[in-house]
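18 is the number of the first residue of the sequence shown in this note's numbering; add one for each residue after it.
The beta carbon of each residue, even a glycine, is placed where N, CA and C say it ideally should be.
Only one structure is covered here, and it is reproduced in the block below.
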Amino acid sequence: MNFKRLIYPDLLNGSIFKSILFFMLPIITSHLFQQLYNTTDTIIVGYFLHENSLAAIGACAAVFEIIMNLGNGFGTGCSIVIARAFGSDDREYLKRAVAASVLIITVVSGLLTISCVLFLRPILTALKTPSIILEEAVSYISIIGIFCGVLFAYNLCAGMLRAVGNSFMPLLFLMVSSLLNVALDIVLITRFGMGVAGTAVATVIAQGVSVVLCILYTLKGAKVLIPSAASFRLRGAGRLYKDLIGQGLSMALMLSIVGSGTLILQSAINTFGTYIIAGHIAARKIFSLSTVFISSVGMTSATFVSQNYGAQNLTRIKKGVKIAVLMTVCYGIALTVLSPFIIRQVFEFVSGSKNPQLLAYGTRYLQFAFPFYAALGPLVVFRNSLQGIGAKLLPLVSSVVELSGKILFTVILIPHLGVLGIMLCEPLIWCAMAFQLVWAFISRIKKMSSAVQEDKTSF
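Written as structure tokens, this is what we have:
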């Protein structure tokens, strides 16, 4: 088989299944190493520190997720505009877009840093974080928040390289930083006794190294991205900045709405004590790893649908989306069948705990969630596919549905149902969101098909 075909699969022609599969494999690898950042912290803290330390990280997990989502959203949004400039072959505009992105990311990350310094402790207090773990939670998330600029810088640098067609080097740098993160976690906790703060410092340093590697590579191997001094001029750049800020905000807003729902849900989880908090954070780490396949299929669907939308090939779009949905459903079924045989061992490994209450909650939570991947998979595919055909509002509506559902569970249902309410929350919301997105996608495709038929008739 042609090796180049494996690296650059043709999403517009040939076998749809092979195109989706080959395009998805590097994305899965990248996501796995991204998850290694968070999962490594949980495993090492679980093994070398007290369960309260694991609960401290869990208590601020939702805040951490919001910071990550803001970085990912703005980085992705800016890279979309940069990719558009690269595709137009306008090198001057490309350099101006890079310069503007750097300025925007600097300002946004600076504002977020100030907000973290002022509001992180009050936020964790408002989330009803138990007093026994509050100080550890603040020490961990404060370091992440104060140095959020490093996270933003990596997302922008990696996004810019992908925008000009280079997805391999960001993956390589991510692999290096992930391995460095593991080593630093162990050293800072076991040798320097830094506790959970050590895991945060390890994350910041590892990401900082990946930023430096991205910049060094860009200076040597992607000079087209290097802006000149003139590229930073603000005069006449209003439309460019509006485009970049709008694109970044739309991406960040959708991700942050989801994160805000998780933050609200966390306030309810924090009322159940340290064992449930620790069990939940360990279960969420496994959940994140187990959904890498689904999120990778979703990202692939966005690119596949977008390219074929540009080619006006609606038939291929519909076939591709069906294949993607089928892949996620089959994955969910396989995971549900295998989970009774492996989930407890995996959970013990990730949590590093032998506490029966913690293990019982974590395994129950996961075994309950896995069958609902049959709804989560289509949800992710259809949401990304809608973005691929240019529908920005409809995917945002699904995020609002998720936020509303988590508020409903936190305020009304969890206080009455207890731990069962926590386990029911997201799976039931996935089902509601999936129905909304399936309807939205089918309606949009029908309108597009009708428009195509009218054009043919007019012709």
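Query - VAL228, buried or exposed, once every other Cβ within 10 Å from all chains shown has been counted against 16 - result: Residue 228 sits at position 211 when you count from the first residue of the sequence shown. Buried: at least 16 other Cβ atoms inside 10 Å.
Query raised in the report: When we look at the beta-carbon of LYS259 and count the other beta-carbons within 10 Å, is it buried (16 or more) or exposed?
Result: Along the sequence shown, read from residue 1 onward, the residue named residue 259 stands at position 242. Classification for LYS259: exposed.
Query raised in the report: Leaving out five residues before and five after ALA170 in sequence, what residues of the same chain have Cβ atoms less than 6 Å from its Cβ?
Result: As a first step, residue 170 is located in the sequence shown; it is residue number 153 there, counting from the start. Counting only Cβ-Cβ distances below 6 Å, and skipping sequence neighbours, we find VAL228.
Report task. Could you pull the start and end residues of the alpha helix (DSSP H) that PHE289 belongs to? Result -> Residue numbering aside, residue 289 sits at position 272 when the sequence shown is read from its first letter. No alpha helix (DSSP H) holds PHE289; DSSP gives it neither H nor E.
Report task. Return the chain-ordered list of same chain residues with a C-beta closer than 7 Å to the C-beta of LEU331, the five sequence neighbours on each side being excluded. Result -> If you number the sequence shown from 1, residue 331 lands on position 314. Once the five neighbours on either side are set aside, the close Cβ partners of LEU331 are ILE462, MET465, SER466 and VAL469.
Query raised in the report: Hey, how far is the Cα of SER148 from the Cα of ILE286?
Result: The count along the sequence shown starts at 1 and reaches residue 148 at position 131. The count along the sequence shown starts at 1 and reaches residue 286 at position 269. Roughly 15 Å separates the two Cα atoms.
Report task. Kindly indicate which three-state DSSP category SER32 falls into: helix, strand or coil? Result -> As a first step, residue 32 is located in the sequence shown; it is residue number 15 there, counting from the start. The three-state secondary structure of SER32, taken from DSSP, is coil.
Report task. Give the single residue among LYS336, LYS302 and ALA341 whose Cα lies nearest to the Cα of MET316. Result -> To locate residue 316, count along the sequence shown from 1; it is residue 299. Among LYS336, LYS302 and ALA341, the Cα nearest to that of MET316 is on ALA341.
Requested in this report: Would you tell me roughly how many angstroms separate the C-alpha atoms of LEU411 and VAL314, rounded to the nearest one?
Outcome: If you number the sequence shown from 1, residue 411 lands on position 394. If you number the sequence shown from 1, residue 314 lands on position 297. When rounded, the distance between both Cα atoms is 19 Å.
Query raised in the report: Any idea what DSSP makes of MET211, helix, strand or coil?
Result: If you number the sequence shown from 1, residue 211 lands on position 194. Coil, per DSSP.
Requested in this report: Could you tell me which of TRP447, LYS145, GLN51 and LEU430 sits nearest to ARG400, measuring between CA atoms?
Outcome: Locating residue 400 in the sequence shown gives position 383, counting from the first residue. Here the closest residue by C-alpha is TRP447.
Report task. Can you tell me which of the three DSSP states ASP202 falls into? Result -> The residue you call residue 202 lines up with position 185 of the sequence shown. Three-state result, ASP202: helix.
**Report entry** Continuous beta strand (DSSP E) assignments of at least 3 residues falling wholly in the stretch 315-369
**Finding:** Listed in chain order, nothing qualifies, since the stretch 315-369 has no complete beta strand (DSSP E) run of 3 or more residues.
Query raised in the report: What span of residues does the alpha helix (DSSP H) with HIS433 cover, start to end?
Result: To locate residue 433, count along the sequence shown from 1; it is residue 416. It spans 431-434 - the alpha helix (DSSP H) in which HIS433 sits, taken as one unbroken run.
Report task. Would you mind sorting VAL155 into buried or exposed? The rule is 16 or more other CB atoms within 10 Å of its CB. Result -> By one-based count along the sequence shown, residue 155 stands at place 138. Around the Cβ of VAL155, a 10 Å sphere holds 16 or more other Cβ atoms; the residue is buried.
**Report entry** Contact set for ILE24: own chain, Cβ-Cβ below 6 Å, skip 5 residues either direction
**Finding:** Counted from its first residue, the sequence shown places residue 24 at position 7. Residue confidence for ILE24 is low, a pLDDT of 43 falling below 50, so the modelled location carries little weight and cannot support an answer.
Query raised in the report: Given a threshold of 16 other Cβ atoms within 10 Å of its Cβ, counted over all protein chains shown, does GLY477 qualify as buried or as exposed?
Result: The first residue shown for the chain is 18 and the last is 476, placing residue 477 beyond what the model contains.
Requested in this report: From the DSSP output, in three-state form, read off PHE40 for me.
Outcome: As a position in the sequence shown, residue 40 is number 23, starting the count at 1. Annotated three-state conformation of PHE40 is helix, per DSSP.
Report task. May I have the straight-line CA-CA distance separating MET484 from ALA392, to the nearest angstrom? Result -> Residue 484 lies beyond the stretch modelled for the chain, which goes from 18 to 476, so this question has no answer here.
Report task. Determine the burial state of LEU201: buried for a count of at least 16 other Cβ atoms within 10 Å of its Cβ, exposed for fewer. Result -> Taking the sequence shown and counting its residues from 1, one reaches residue 201 at position 184. By the 10 Å Cβ count, LEU201 comes out buried.
Requested in this report: Label LYS240 either buried or exposed according to how many other C-beta atoms from any shown protein chain fall within 10 Å of its C-beta, with 16 as the threshold for buried.
Outcome: Reading the sequence shown from its first residue, position 223 is the one you call residue 240. With a 10 Å radius around the Cβ and a threshold of 16 neighbouring Cβ atoms, LYS240 comes out exposed.
Query raised in the report: For the alpha helix (DSSP H) that ASN69 lies in, which residues bound it at each end?
Result: The residue you call residue 69 lines up with position 52 of the sequence shown. Counting along the chain, the alpha helix (DSSP H) containing ASN69 begins and ends at 68-76.
Query raised in the report: Grouping DSSP H, G and I as helix and E and B as strand, with all else coil, what is ILE406?
Result: By 1-based counting over the sequence shown, the position of residue 406 is 389. Of the three classes helix, strand and coil, the one that applies to ILE406 here is coil, per DSSP.
Query raised in the report: Closest to SER248 by CA distance: which of ILE84, GLU109, SER47 and LEU49 is it?
Result: The residue given as residue 248 occupies position 231 in the sequence shown. For SER248, the nearest C-alpha among the options comes from GLU109.
Requested in this report: Determine, using beta-carbon pairs with one atom in the stretch 287-300 and one in the stretch 369-382, whether at least three such pairs fall under 8 Å.
Outcome: With a cut-off of 8 Å, the stretch 369-382 and the stretch 287-300 count as touching, because enough Cβ pairs lie within range.
Query - Straight-line gap, PHE476 to PRO395 (C-alpha atoms, nearest Å) - result: On the sequence shown, position 459 is the one that residue 476 refers to. On the sequence shown, position 378 is the one that residue 395 refers to. Since pLDDT at PHE476 reaches only 42, below the 50 mark, its modelled position is unreliable, and no value is offered.
**Report entry** Residue span of the alpha helix (DSSP H) that contains ILE243, given as start and end
**Finding:** Against the sequence shown, residue 243 aligns to sequence position 226. Unbroken run through ILE243: none, as it is neither H nor E.
Query raised in the report: Alpha carbon to alpha carbon, what distance is there between LEU261 and ARG252?
Result: Mapped onto the sequence shown, residue 252 falls at position 235. Mapped onto the sequence shown, residue 261 falls at position 244. Near 16 Å, if we compare the C-alpha coordinates of LEU261 and ARG252.
Report task. Return no unless some Cβ of chain D is closer than 8 Å to the Cβ of SER312. Result -> In the displayed structure, chain D is absent; only one protein chain is listed.
Requested in this report: Check ASN372 in the structure and name its three-state DSSP category.
Outcome: Numbered from 1 along the sequence shown, position 355 holds the residue referred to as residue 372. ASN372: coil per DSSP, three-state reduction.
Query raised in the report: Can you tell me whether ASN325 is buried or exposed, with buried defined as 16 or more other CB within 10 angstroms of its CB?
Result: Stepping through the sequence shown from its first residue, residue 325 is reached at position 308. If you draw a 10 Å sphere on the C-beta of ASN325, you find 16 or more other C-beta atoms in it, and that means buried.
Query raised in the report: Residues in its own chain within less than 6 Å of THR353 by CB, not counting five upstream and five downstream?
Result: Counted from its first residue, the sequence shown places residue 353 at position 336. For THR353, the CB contacts under 6 Å within the same chain, skipping 5 residues up- and downstream, are PHE387 and PRO388 in chain order.
Query raised in the report: Does the Cβ-Cβ distance between LEU129 and CYS165 come in under 8 Å?
Result: In the sequence shown, the residue the question calls residue 129 occupies position 112. In the sequence shown, the residue the question calls residue 165 occupies position 148. Using a Cβ distance threshold of 8 Å, LEU129 and CYS165 count as a contacting pair.
Report task. Starting from PRO139, follow the alpha helix (DSSP H) in both directions and report where the run begins and ends. Result -> Counting from 1 along the sequence shown, the entry for residue 139 is found at position 122. Here the alpha helix (DSSP H) through PRO139 covers 108-143.
Query raised in the report: Does the stretch 303-312 come within contact of the stretch 36-55, defined as at least 3 CB pairs closer than 8 Å?
Result: Remark: three or more beta-carbon pairs, one from each stretch, lie closer than 8 Å, so the stretch 303-312 and the stretch 36-55 are flagged as touching.
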